[in-house]
Structure formats: C-alpha cells, structure tokens
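J.: For the sequence shown, the working numbering gives the first residue as 407, with consecutive numbering after it.
We put the CB at the ideal spot given by N, CA and C, even for glycine.
None of these values were measured; they are calculated from a predicted model.
Structure provided below as structure tokens; questions to follow.
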Amino acid sequence: MTRVAERVALFDRWLASGGEVAVVGLGKSGVAATLLLRRMGIGVYASDTGSGPAFEGWAGTLRETGAAVDLGGHDLLRIARSVGVVVAPGVPPDAPALEAARQAGLEIYAEVDIGFLALRATNCVAITGTNGKTTTTSLIAHLLSSAGFRAETAGNIGRPLCNVALSADPPPWLALELSSFQLHDAPHIRPAAGVLTNLAPNHLDRYRTLEEYYGDKAQLFRNADATSLWITNDDDPAVQEMTRGVLGRQLRFSTTHSADGWFDREGARLMLGRSEILPRAALPLLGDHNVANALAAALVAAELGAPLHRIAAGLQSFRAIPHRVEPVREVEGVLWINDSKSTNITSTEVAIAALDRPFVLLLGGRHKGEPYTRLIQRLQDRCRAVVAYGEAGPLIVQDLGAQLKVVPANGFEEVIVTARKLARPGDAVLLSPACSSYDMFRNYEERGDRFRAAVQAL
Numbered sequence: 407m408t409r410v411a412e413r414v415a416l417f418d419r420w421l422a423s424g425g426e427v428a429v430v431g432l433g434k435s436g437v438a439a440t441l442l443l444r445r446m447g448i449g450v451y452a453s454d455t456g457s458g459p460a461f462e463g464w465a466g467t468l469r470e471t472g473a474a475v476d477l478g479g480h481d482l483l484r485i486a487r488s489v490g491v492v493v494a495p496g497v498p499p500d501a502p503a504l505e506a507a508r509q510a511g512l513e514i515y516a517e518v519d520i521g522f523l524a525l526r527a528t529n530c531v532a533i534t535g536t537n538g539k540t541t542t543t544s545l546i547a548h549l550l551s552s553a554g555f556r557a558e559t560a561g562n563i564g565r566p567l568c569n570v571a572l573s574a575d576p577p578p579w580l581a582l583e584l585s586s587f588q589l590h591d592a593p594h595i596r597p598a599a600g601v602l603t604n605l606a607p608n609h610l611d612r613y614r615t616l617e618e619y620y621g622d623k624a625q626l627f628r629n630a631d632a633t634s635l636w637i638t639n640d641d642d643p644a645v646q647e648m649t650r651g652v653l654g655r656q657l658r659f660s661t662t663h664s665a666d667g668w669f670d671r672e673g674a675r676l677m678l679g680r681s682e683i684l685p686r687a688a689l690p691l692l693g694d695h696n697v698a699n700a701l702a703a704a705l706v707a708a709e710l711g712a713p714l715h716r717i718a719a720g721l722q723s724f725r726a727i728p729h730r731v732e733p734v735r736e737v738e739g740v741l742w743i744n745d746s747k748s749t750n751i752t753s754t755e756v757a758i759a760a761l762d763r764p765f766v767l768l769l770g771g772r773h774k775g776e777p778y779t780r781l782i783q784r785l786q787d788r789c790r791a792v793v794a795y796g797e798a799g800p801l802i803v804q805d806l807g808a809q810l811k812v813v814p815a816n817g818f819e820e821v822i823v824t825a826r827k828l829a830r831p832g833d834a835v836l837l838s839p840a841c842s843s844y845d846m847f848r849n850y851e852e853r854g855d856r857f858r859a860a861v862q863a864l
C-alpha cells in the first residue's frame, strides 16, 4: 500500500498553496471529490457542462460548503489558474476543460485517485478488465465478509471512493472496481492485491486504438513492486502478455487447465490448487465466465486469509448481480434474461456462451465501433432471431442480416413485443445489447430496469 506520507503530501501541497483545485464533472464522483476536498479546507472550483434539477441540487450542496460552482460550461481560464485538477470518470480525455489544464501544465487526477490517497487505513483490492469486473468485485467483498472481514465495494461499481473516504468509519477492506478511464489518471493507486479479469476490444468510440485502451488497463501495474500480489487470467493471452515481467507475485486462474485456481471440468468442481472449493452445481451463477470470476475472487480471499470452508459458503450464498446475465422470470416456457451491462461485443459473446437453450437476442443501442459480424459464428447454431433496435439498429441489420434472421424494432416496447412473438417455449430471450445505452436511456441500469419491468408485466 501507499505509505501514509505519500497519501497526505498532495493534499498538504494544495492546502499550502492557498489556491483552488478544479473539479471537472459533477455527478456522484465529482460531488464526492468536492466535498472531500472542502472538508480538508482546500478551495474548489467545480464545473459541469450539464444543467437541470439534478445539477442544481448538486451545485447547491457544494456551494453550502464554500465551493464555487458553474453549470452549463467551464471557465477555462479559471481552470488553467488552478493548482490541480480532479476529473470525474464520465469526462472524456479530450474535453476542452482537460485540454486547458494540460496546456497550463497542471496535474490531473481521477476522483478514485483522490479517494485512495485519503483512505489511509483502508486496504484496497483493485479489479479491472474488459468484462467481469463488477461481478468479481462483488464476489470478493462477499467472500471477505463471509470470512469475517469488514469489506465493502466501491469505485466503478457505483459508490465513489471519495464518498467512502467521507464516511465516519471507512471499512478496513474495499473491493475497488476500476475502469480504464479511472486508471488513466490514477498515479497513486497501489492495491493490496490486483485482479485483471480479461482483455478484449472495448470503448473504441473513445480510444483511437486498441493499444491505447490496453495501455490504460496496464496502469493497474504502474506501482508494482516485489511485495505486490496479482491475480490474472491464464486463459487470456492478452492478459498474460500484459503481465509478463510485472513485479510481484502472480497467481493465475483458468477454466480450461490446472492452475492456482481452476475448474476441474471432468469432476465438475472449482479448485484451489489440489483442494476442492465446491461442486460447480453449488455455484448459483450461469456460465463459464462466472466460474472464472468465482475463481479469481476465491484466490484473493484465500491469499488474504479466508479459510476454504468460508470461501465455499460465500460462493454458495452469492446471487447474480442485476443486469449481468440475470434471470428475470420464465413466461409461457420462455426464460427472460437481463444482461444490460453487456455494452461491448465480447461481453455479449460471453453471455451467449452461458446459455444452454435456443434464444432470441436483443441487440442495439449506441454503436461503440466494432463490427457485429463477429457475432455470426456464435449465433448461427442456437439464435432463433436477433431483434435490432436503437441507433445501431441499421448497422446490426447490415452486418448480420445476410446470415441470420434480424428483425428491426423501433421503441423499446416494440422490442419486447417482437421478442415475445419470436420466442418459443423452451427458448430464452436475452437482452445483451453489445452497445452503450445512451441513445435511449441514461445508463445501462435504466435500460435493464425497463426490461425487467416489462418482463414482470407480461
């Protein structure tokens, strides 16, 4: 972990300067960062291009603490005069406010980096990867709690790390989900253990190249030393290439062969080395991808001192995370599954692989840069039809229509009605969009909630 002196030096420097720190972007993360800095007595100028009732509410709360706040735009000259910049994760790196900061030679820190520095007595297990981050993060906190640790989740999973730092009694252990955007500006992150779940193309609407995206993921290891502990995917060549030569001890998990944590397919059981954790049938999660997530979490828990029987009990009592291959209900013999969190093609491929029955796939939203032709081979055997919707709908029809049955739908209500007509008893209807939600919804959670409500109303 980062030494205490390192964790307070930045705040001491900002406080001594008498200047303002610019917080770019509000929402939960920007608000939490501003409140944390104001509690330390550091001046803050917070701004966001957004406006409306939610933003006015946040602005009012921050102004009460003495922070200066602008909505509907940024004062670029004021940002350039600041002593440092804290950025919320939703702000793109080419935003004019951040460009102004870079031109002024200012240091830019992610909200999660500031929260990490402030949590002097908390041990963080950092989890990143293209897919499986949220489930693995939740599993780690659950297994540690099952073993008697006081552990919570934070970061990209929903609760800003600065919000944890503001609490009266922060937990001694945190499972911290980190996106590539957060890692980009988090030079101080030095976890007690780090997990890399997998790597695949993603966010190519924001990154110019795949190498740039992988480069941000690799920032998890920037403070690696001989005492570091890393848990990595032995089935993923890109992961093994990235972690080759990284300092510290590395434990690997696999669903195809023997490893530190592995799936004994012949015996249908999850293993740590030569010790059985539990039978596969006792893990209440669909798909090999969730076996991999469980193995990664079990390795972390075991290394931190959790006994094997507690790990097994924790895995058995864990339930599927909402919006991640989440069975909603069966209607007239058709199982409806909410996988709204799948916002890239690789995660949709993982969801498809988890199914053991024919299915109708709901695919669409805002396009993220990858061709949908990658899905053809996965879909040809068991996919009864694809329902294409949203901004990406025409592209999906173009990429898949010659090889598969693709039915376009306009509104989300039409998507549900169309899927119900296409599915037969014994099938599944899988919402796994391979796209972001921002053309029709505020986020993937709202999309999944709408799907779940529509299914409950059938």
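#1: Is the separation between the beta-carbon of A704 and that of L678 shorter than 8 Å?
#2: Look at the alpha carbon of A411 and the alpha carbon of W464, and state the distance between them as a whole number of angstroms.
#3: For the 8 Å Cβ check, are there 3 or more pairs between the region 423-434 and the region 444-463?
#4: Name the two residues that bound the continuous alpha helix (DSSP H) containing C568.
#5: Is it the case that the region 529-537 contacts the region 575-587, given that we only count it when at least three CB pairs across the two stretches are under 8 Å?
#6: Using a Cβ distance threshold of 8 Å, determine whether the region 758-775 contacts the region 832-849, with at least three qualifying pairs required.
#7: Between the beta-carbon of D642 and the beta-carbon of L605, is there less than 8 Å?
#8: Which ranges does the alpha helix (DSSP H) cover as unbroken runs of at least 4 residues, wholly within the region 604-689, from first to last along the chain?
#9: Give a single yes or no on whether V489 has its beta carbon closer than 7 Å to a heavy atom of the ligand HEM.
#10: Return yes when the Cβ of V697 is within less than 8 Å of the Cβ of L676, no when it is not.
#11: With H, G and I counted as helix, E and B as strand and the rest as coil, what does DSSP make of A411?
#12: Using the rule of at least 16 other Cβ atoms within 10 Å of the residue's Cβ for burial, across every protein chain shown, is R671 buried or exposed?
#13: Tell me whether the beta-carbon of S746 lies closer than 8 Å to the beta-carbon of L714.
#14: Can you give me the C-alpha to C-alpha distance between V793 and E852, rounded to a whole angstrom?
#15: In angstroms, rounded to a whole number, what distance separates the CA positions of E470 and R445?
#16: As a quick exercise: from R780, R725, P690, R826, pick the residue whose alpha carbon is nearest that of V737.
#17: Of all the options A553, E558, R858, which has the alpha carbon lying nearest to the alpha carbon of T543?
#18: With DSSP as the reference, please indicate the residues paired to F765 in a beta bridge.
#19: Going by DSSP, what residue range makes up the alpha helix (DSSP H) through S435?
#20: With distance defined between alpha-carbon atoms, name the residue in F857, S723, A474, L616 nearest to K440.
#21: Smallest Cα separation from S723: which of W742, P690, R730, A707?
#22: Give me the residue from D833, I595, G739, E820 with the minimum Cα distance to R526.
#23: Using the Cα positions of A707 and L549, report the straight-line distance between them to the nearest angstrom.
#24: Going by alpha carbons, who is nearest to G654 out of R763, T662, L635?
#25: Do you know offhand how far D631's Cα is from S664's?
#26: So within the region 529-578, which uninterrupted alpha helix (DSSP H) runs reach at least 4 residues, ignoring any that extend past its ends?
T.: Walking through what the data contain:
#1: Here residue 704 refers to the residue found at position 298 when the sequence shown is read from its first residue. Here residue 678 refers to the residue found at position 272 when the sequence shown is read from its first residue. Yes.
#2: Numbered from its first residue, the sequence shown carries residue 411 at position 5. Numbered from its first residue, the sequence shown carries residue 464 at position 58. The pLDDT assigned to A411 is 48, lower than 50, so where the model puts this residue is not dependable; a value taken from the coordinates is nonetheless given after this. Taking the Cα positions, A411 is about 32 Å away from W464.
#3: Taking a cut-off of 8 Å for Cβ pairs, the region 423-434 and the region 444-463 touch, as three or more such pairs fall below it.
#4: Along the sequence shown, one-based indexing puts residue 568 at 162. Where C568 is concerned, the enclosing alpha helix (DSSP H) stretches over 567-572.
#5: As far as the Cβ criterion goes, the region 575-587 touches the region 529-537, which means the pair count is three or higher.
#6: Yes, the region 758-775 is in contact with the region 832-849.
#7: In the sequence shown, residue 642 corresponds to position 236, counting from 1. In the sequence shown, residue 605 corresponds to position 199, counting from 1. Yes, Cβ-Cβ distance for D642 and L605 is below 8 Å.
#8: 616-623, 643-649
#9: Among the components of this structure there are no ligands whatsoever, and the ligand HEM is therefore not found.
#10: Here the question's residue 676 lines up with position 270 in the sequence shown. Here the question's residue 697 lines up with position 291 in the sequence shown. Closer than 8 Å, so yes.
#11: The residue you call residue 411 lines up with position 5 of the sequence shown. Its pLDDT being 48, under 50, A411 is placed unreliably in this model, and the value from its coordinates should be taken loosely. Correct three-state label for A411: helix.
#12: For the purposes of this step, residue 671 is taken as residue 265 along the sequence shown, with counting starting at 1. That one is exposed.
#13: Position 340 of the sequence shown, counted from the first residue, corresponds to residue 746. Position 308 of the sequence shown, counted from the first residue, corresponds to residue 714. Taking 8 Å as the Cβ cut-off, S746 and L714 do not qualify as a contacting pair.
#14: Locating residue 793 in the sequence shown gives position 387, where the first residue counts as 1. Locating residue 852 in the sequence shown gives position 446, where the first residue counts as 1. Each residue's Cα considered, the two are about 19 Å apart.
#15: Start at 1 with the first residue of the sequence shown, and residue 470 comes out as number 64. Start at 1 with the first residue of the sequence shown, and residue 445 comes out as number 39. Cα to Cα, E470 sits roughly 12 Å from R445.
#16: On the sequence shown, position 331 is the one that residue 737 refers to. Check the Cα spacing between V737 and each of R780, R725, P690, R826: the tightest is with R826.
#17: Looking up residue 543 in the sequence shown gives position 137. Among A553, E558, R858, the Cα nearest to that of T543 is on E558.
#18: Translated into the one-based positions of the sequence shown, residue 765 becomes position 359. Its beta-bridge partners are C789, A834.
#19: Position 29 of the sequence shown holds residue 435. Residues 433-445.
#20: Translated into positions along the sequence shown, residue 440 becomes position 34. First, the residue type needs correcting, since residue 440 is Thr and not Lys in the sequence shown. The residue with the shortest Cα to Cα distance from T440 is A474.
#21: In the sequence shown, residue 723 corresponds to position 317, counting from 1. The residue with the shortest Cα to Cα distance from S723 is P690.
#22: If you number the sequence shown from 1, residue 526 lands on position 120. Ranking the options by Cα distance to R526, first place goes to I595.
#23: The residue labelled residue 707 in the question sits at position 301 within the sequence shown. The residue labelled residue 549 in the question sits at position 143 within the sequence shown. The alpha-carbon atoms of A707 and L549 are separated by roughly 6 Å.
#24: Along the sequence shown, read from residue 1 onward, the residue named residue 654 stands at position 248. For G654, the nearest C-alpha among the options comes from L635.
#25: Within the sequence shown, the letter at position 225 stands for residue 631. Within the sequence shown, the letter at position 258 stands for residue 664. Their Cα atoms are separated by approximately 27 Å.
#26: Qualifying alpha helix (DSSP H) stretches, in chain order: 539-552, 567-572.
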